[in-house]
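Numbering (this note's numbering), first residue to last: 264 to 591.
Okay, here's the thing in structure tokens:
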């Protein structure tokens, strides 16, 4: 127990000093103006003594309790932080136009977003960020522990959002690696999710993977596409939204090479269920130790003292208005 404002406790002795002063003055006044002979022989009644002693003493008690309340007593509890386990993760998601294909239900981008959101919510000790790429990379969210903010950014992803056509896997990886390089976590991970073949960009994917390896980041490369031809939604300026066929162009060999360079792993998901299992496997990755600071839990306990003071004052007022004043 501690007091947040201990100076308020000084009001308590002042209240009792004031009560003593009132009682002393009352006694001196009685001596200065004595009653008649009969009055001097009769001892003061209990009612008379109460009517003189009770008000200042009760007021002093109430003010003392109020002083305790104003001093803000607080209970203090130390909650040890303990050791958590966490890593820095950059989700690197392809948002090229082909991610609207419906071979993975309801479509590739929606399935990826929903599964990634569940993954994010389960990683309570990690910092996670988000890079998206089409023909160019875009930082959607820096490394953060704010799960709600990251989920909101995942929700905002859509095919073609970078406004540059193509699939720049290397640029997306370098952008993610740049966000990880200054992190303090011992373990760094890039989760790459794409449905296509790298066909544009400034940095080639192999160079990007070597850059990631140089900072100690592993790449877990996920190819998300069915085999063969899939239907893809396009927005035709003349006919509106149309479903057009698109061939499987996923470069499994490249994904395996990217993972191998960094000590990670490559996967291929042809269904939503397979994609969920892949994220569950990644969820069991090695984790670095994170020391959580101890937490000091402080709770104010001023209410009982203030409530007791109020009740005493109410009781005194009621008694003064009835018994002490109305007794014959």
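C-beta: ideal position from N, C-alpha, C; glycine also.
For clarity, every value in this text was computed on a predicted model and none was experimentally measured.
- Starting from the N-terminal side, write out each stretch of the beta strand (DSSP E) that is 3 residues or longer and does not extend beyond the segment 389–477. Those beta strand (DSSP E) runs which fall completely within the segment 389–477 and span 3+ residues are 390–396, 400–407, 451–457.
- Run of the alpha helix (DSSP H) containing residue 379, from where it starts to where it stops: Secondary structure note for residue 379: its alpha helix (DSSP H) is the uninterrupted segment 371–385.
- Query: For the beta strand (DSSP E) that residue 493 lies in, which residues bound it at each end?
  - Reply: According to the DSSP assignment, residue 493 belongs to the beta strand (DSSP E) that extends over 492–499.
- Message: Excluding the 5 residues flanking residue 526 on each side, which residues of the same chain have their C-beta closer than 7 angstroms to its C-beta?
- Response: Same-chain partners within the cutoff: 481.
- Task: Could you tell me if residue 265 is buried or exposed, where buried requires 16 or more neighbouring beta carbons within 10 angstroms of its beta carbon?
- Result: Residue 265 comes out exposed.
- Query: Would a C-beta distance cut-off of 7 angstroms place residue 364 and residue 495 closer than the cut-off?
  - Reply: A contact, by the Cβ cut-off of 7 angstroms.
- Query: How many whole angstroms separate the CB atoms of residue 487 and residue 456, which I take to be in contact at a CB cut-off of 8 angstroms?
  - Reply: With a Cβ gap of about 6 angstroms, residue 487 and residue 456 count as contacting.
- Query: Given a threshold of 16 other Cβ atoms within 10 Å of its Cβ, counted over all protein chains shown, does residue 483 qualify as buried or as exposed?
  - Reply: Label assigned to residue 483: buried.
- Would you kindly report the start and end of the unbroken beta strand (DSSP E) that includes residue 352? First-last of the beta strand (DSSP E) with residue 352: 351–357.
- Would you check if there are 3 or more beta carbon pairs closer than 8 angstroms linking the segment 559–575 to the segment 385–402? Contact between the segment 559–575 and the segment 385–402 is absent, because fewer than three Cβ pairs lie under 8 angstroms.
- Same chain, Cβ closer than 8 angstroms to residue 467, neighbours up to 5 away in sequence not counted: Result list for residue 467: 433, 461, in chain order.
- Query: Taking Cβ positions, are residue 390 and residue 351 nearer each other than 7 angstroms?
  - Reply: A contact, by the Cβ cut-off of 7 angstroms.
- Item | Residue span of the beta strand (DSSP E) that contains residue 487, given as start and end | It spans 480–487 - the beta strand (DSSP E) in which residue 487 sits, taken as one unbroken run.
- Message: Using DSSP's beta-bridge definition, name the partner residues of residue 530.
- Response: In the DSSP output, where bridge partners are listed per residue, residue 530 has 485.
- Of the residues 424, 336, 322, the one placed nearest residue 580, counting alpha carbons only: Answer by Cα proximity: 322.
- Task: Taking residue 421 and residue 358 to be in contact with their CB atoms under 8 angstroms, please state how far apart those CB atoms are, rounded to whole angstroms.
- Result: Right, the Cβ-Cβ distance comes to about 7 angstroms (below 8 angstroms), so this counts as a contact.
- Task: Can you grab the Cα-Cα spacing for the pair residue 519 / residue 436, in whole Å?
- Result: Taking the straight line from one Cα to the other gives about 14 angstroms.
- Task: Starting from the C-beta of residue 282, find all residues in its chain whose C-beta is less than 7 angstroms away, skip the five residues before and the five after it, and write them out in chain order.
- Result: Closer than 7 angstroms at the Cβ level, and outside the excluded window around residue 282, lie 319, 320, 322, 323.
- Query: Taking DSSP as the reference, what is the three-state secondary structure of residue 361?
  - Reply: Helix at residue 361.
- Item | residue 510 in three-state terms, based on DSSP | In the structure shown, residue 510 sits in a strand (DSSP, three-state: E or B).
- Is the Cβ-Cβ distance between residue 275 and residue 338 less than 7 angstroms? With contacts defined by Cβ atoms closer than 7 angstroms, residue 275 and residue 338 do not form a contacting pair.
- Query: Between which two residues does the alpha helix (DSSP H) containing residue 540 stretch?
  - Reply: 535–546 is the extent of the alpha helix (DSSP H) around residue 540.
- Enumerate in chain order the residues of its own chain whose CB-to-CB distance from residue 374 is below 7 angstroms, with the five nearest sequence positions on each side excluded. Excluding residues within five positions, the ones whose Cβ falls inside 7 angstroms are 367, 368, 535, 538.
- Query: When burial is assigned at 16 or more other CB atoms within 10 Å of the CB, is residue 355 buried or exposed?
  - Reply: Only buried fits residue 355, as 16 or more other CB atoms lie within 10 angstroms of its CB.
- Task: Within its chain, find whatever has a CB closer than 7 angstroms to the CB of residue 491; leave out the 5 residues flanking it on each side and keep chain order.
- Result: If we look at residue 491 and ignore the five residues flanking it on each side, its Cβ neighbours are 511.
- Boundaries of the alpha helix (DSSP H) in which residue 524 is found, first to last residue: Bounds of the alpha helix (DSSP H) holding residue 524 are 515–525.
- Mind reading off the beta-carbon distance from residue 560 to residue 340? Whole number of angstroms is fine, and I expect it under 8 angstroms. That belief holds up - the Cβ atoms of residue 560 and residue 340 are roughly 4 angstroms apart, short of 8 angstroms.
- Query: Do residue 439 and residue 453 have their CB atoms nearer than 7 angstroms?
  - Reply: Contact: yes.
- Note down the Cα distance separating residue 489 from residue 395, rounded to an integer number of angstroms. Whole-angstrom Cα-Cα distance: 21 angstroms.
- So residue 272 and residue 329 are in contact, right, with Cβ under 8 angstroms, and what is the actual spacing, rounded? About 11 angstroms separates the beta carbon of residue 272 from that of residue 329, a gap too long to meet the 8 angstroms contact definition.
- Item | Own chain residues within Cβ distance below 8 angstroms of residue 442, not counting five before or after | Residues of the same chain with a CB within less than 8 angstroms of the CB of residue 442, apart from the 5 flanking positions on each side, are 353, 392, 394, 402, 405, 406 in chain order.
- Message: So, with DSSP's three-state summary, where would you put residue 560?
- Response: Note: residue 560 maps to strand in three-state DSSP.
- Pick from 515, 469, 476, 288 that is closest to residue 485, judged by C-alpha positions: Ranking 515, 469, 476, 288 by Cα distance to residue 485 puts 515 first.
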